[in-house]
Amino acid sequence: MKKQDLLNEFISLFNITGTPRVFFAPGRMNLIGEHTDYNGGHVFPASISFGTYALAQKRDDQKLRFYSLNFPHTGTIECGLAELAYNESHGWANFPKGMIHYMRESGFEISCGMDILFHGDIPNSAGLSSSASIEMVTGVLLEGLFDLKIDRVKMIQLGQKVENDYIGVNSGIMDQFAIGKGKKGHAILLNCQTLAYNYAPIEMDNHVIMIINTNKKRTLAGSKYNERRAQCVQALADLQTTLQIMSLGELTKEQFEQHKHLIKHETARKRAKHAVYENERTVKAFEKLQQGNLEAFGQLMNESHESLHQDYEVTGIELDTIVQAAWNQKGVVGARMTGAGFGGCAIAIIEKDKVDSFKNNVNKIYSEKIGYEASFYTATIGDGARELTEGVY
Ligand code: GLA
């Protein structure tokens, strides 16, 4: 949507004068390191150019009005600054409400109401973190409108708190971190235990990263996400009867193999195996990319998918069909699911001149087997959450 169209929408929806300020937060893809964040391991995500725009203006009373062009059927959602408790009937607006709530609770002075219009171009429920994108765009708009001095990592942690304590999804910190700290042309290797991170330039002259949406919708709250996390907590508790560790991310593969018998349930053992092996793969993948060894990086992506399929069991027929079809195409360096799984998106690294045949072939195989089509987007890695100033969008 064009800037002027968004401004016109804002004025006519809220029936006010003045010029709102404009903020943006991207979505994210994860190159490798899946279900490792809440296990104290590494992740390697990047912010993408799709994201959420928010036009916002202060009011001279205590009223908050939210509208999303993506959910027009819910209309304008209104509440007072003092009424920020979770409210199921507010649907998507709970994400910005939760962020305002925790920012205030942390002592940031948000003293008056606001009118906020959201517009996102991230496909909903596709595993590209549209919810973390709304949280982080709300964070930067509060920072901007109220002139707050807020450390970016603190804002990221408040976004995660919205998911965990307000919405009820026990997710890790990857999504908010990738979106809050994203950098154009770079992926971020993040140690989720210490929050130490490194940017890695993603320079691919002859290749592109393709995002493939299975178009199978999923929501984290309704998925098995929390169950997977609980199984990892159980595996860790079993290992802690003998080992002095704080998280599964501290274990090497060798240490895991030596002590895995301590994990009582076979399912929990498989989940922990994935967490440990995936963490090692992620660090190795980062090194391979630094060395310019794209082939080895792609191989690790493939192994990651296999482990998410076999041991973590979060892929499902849609993602498996896409990824297996991708592996069989010419010019594909690697492919895997990205995000939580259970539907959503996969990513593939492909030679530039094979993109058209890739799309046609993969879509044909997918739609014949699944009964509906996949969608394909070429990923561009953009900057993280920020205010958009004149002429930039
Ligand atoms: C979701 C969560 C993240 C992470 C991934 C899986 O995106 O929000 O914290 O756990 O799933 O890697």
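For the sequence shown, the working numbering assigns the number 395 to the last residue and increments by one with no breaks. Every residue gets a Cβ at the ideal spot worked out from N, C-alpha and C, and that includes glycine. Please read these numbers as outputs of a predicted model, since none were measured by experiment.
TODO: Give the single residue among Asp39, Arg67 and Arg30 whose Cα lies nearest to the Cα of Ile18.
DONE: Measuring from the Cα of Ile18, the nearest candidate turns out to be Arg67.
- [ ] Considering only heavy atoms of the ligand GLA, list every residue whose Cβ is less than 5 Å from one of them, following chain order.
- [x] Glu36, His37, Asp39, Ser173, Gly174, Met176, Asp177, Gly341 and Ala342
Task: Distance between Ala270 and Asn281 (C-alpha atoms, nearest Å) - done: 17 Å
Task: Beta-carbon gap between Ala95 and Gly53 smaller than 8 Å - done: no
Task: Coarse secondary structure for Gln242, derived from DSSP in three states - done: coil
Open item on the list: The alpha helix (DSSP H) that contains Asp358, what's its start and end?
Closed with: Val357 to Ile372
- [ ] Provide the residue(s) that pair with Ile352 in DSSP beta bridges, ordered along the chain.
- [x] Val210 and Val334
TODO: Please classify Gln292: is it buried, with 16 or more other beta-carbons within 10 angstroms of its beta-carbon, or exposed?
DONE: With a 10 Å radius around the Cβ and a threshold of 16 neighbouring Cβ atoms, Gln292 comes out exposed.
TODO: Take Thr391 and list the residues in its own chain whose beta-carbon comes closer than 6 Å to its own, dropping the five residues that flank it on each side.
DONE: Contacts found: none.
Task: Test item: CB-CB of Phe360 and Gln326 under 8 Å - done: no
- [ ] Look at the Cβ atom of Met31, then the Cβ atom of Leu130, and state whether they are nearer than 8 Å.
- [x] yes
TODO: With a 10 Å radius around its C-beta and 16 neighbouring C-beta atoms as the bar for buried, classify Gly384 as buried or exposed.
DONE: buried
Open item on the list: Our contact map puts Gly141 next to Met116 with C-beta atoms below 8 Å; I'd like the distance itself, whole angstroms only.
Closed with: No, Gly141 and Met116 are not in contact; Cβ-Cβ is about 13 Å, not under 8 Å.
TODO: Taking all protein chains shown into account, decide if His75 is buried (16 or more other Cβ within 10 angstroms of its Cβ) or exposed.
DONE: exposed
- [ ] Return yes when the Cβ of His188 is within less than 8 Å of the Cβ of Lys201, no when it is not.
- [x] This sequence places Tyr at residue 201; Lys is not what is there. A contact, by the Cβ cut-off of 8 Å.
- [ ] Could you check if Thr284 is buried or exposed, using at least 16 other CB atoms within 10 Å of its CB as the buried criterion?
- [x] buried
Open item on the list: To test your reading of the DSSP string, which unbroken alpha helix (DSSP H) runs of 4 or more residues are found completely within the region 93-117?
Closed with: 96-107
Open item on the list: Need the endpoints of the beta strand (DSSP E) that Ala189 sits in, please.
Closed with: Segment His188 to Asn193, the beta strand (DSSP E) holding Ala189.
Open item on the list: Less than 8 Å between C-beta atoms, sequence neighbours within five positions excluded: which residues of the same chain meet that for Gln301?
Closed with: Gly336
TODO: Can you tell me the Cβ-Cβ gap for Gly2 and Met138, rounded? I've got them flagged as a contact below 8 Å.
DONE: The question about residue 2 has no answer here: the residues shown for the chain are numbered 3 through 395.
Open item on the list: If you follow the alpha helix (DSSP H) that Asn32 is in, where does it begin and where does it stop?
Closed with: Segment Arg23 to Asn32 is the beta strand (DSSP E) holding Asn32; no alpha helix (DSSP H) there.
Open item on the list: Could you give the first and the last residue of the continuous beta strand (DSSP E) run that contains Gly82?
Closed with: Ile79 to Gly82
Task: Alpha-carbon spacing of Val2 relative to Tyr227, whole angstroms - done: This structure leaves residue 2 out entirely; the chain is present only between 3 and 395.
Open item on the list: If distances are taken between C-alpha atoms only, which option among Ser369, Val278 and Val24 comes closest to Phe144?
Closed with: Before going further, note that residue 144 is Leu rather than Phe in the sequence given. Answer by Cα proximity: Val24.
Task: Enclosing alpha helix (DSSP H) for Ile50 [first to last residue] - done: Taken as a continuous stretch (DSSP letters only), Ile50 belongs to no alpha helix (DSSP H), being part of the beta strand (DSSP E) at Pro47 to Lys60.
- [ ] Take Glu47 as the anchor and find which of Pro98, Gly109, Tyr40 and Leu191 has the nearest alpha-carbon.
- [x] With the sequence shown as reference, residue 47 is identified as Pro, and Glu is not the correct amino acid for it. With distances taken between Cα atoms, Pro47 lies closest to Leu191.
Open item on the list: Taking DSSP's pairing of strands, which residues face Tyr88 in a bridge?
Closed with: In the DSSP output, where bridge partners are listed per residue, Tyr88 has none listed.
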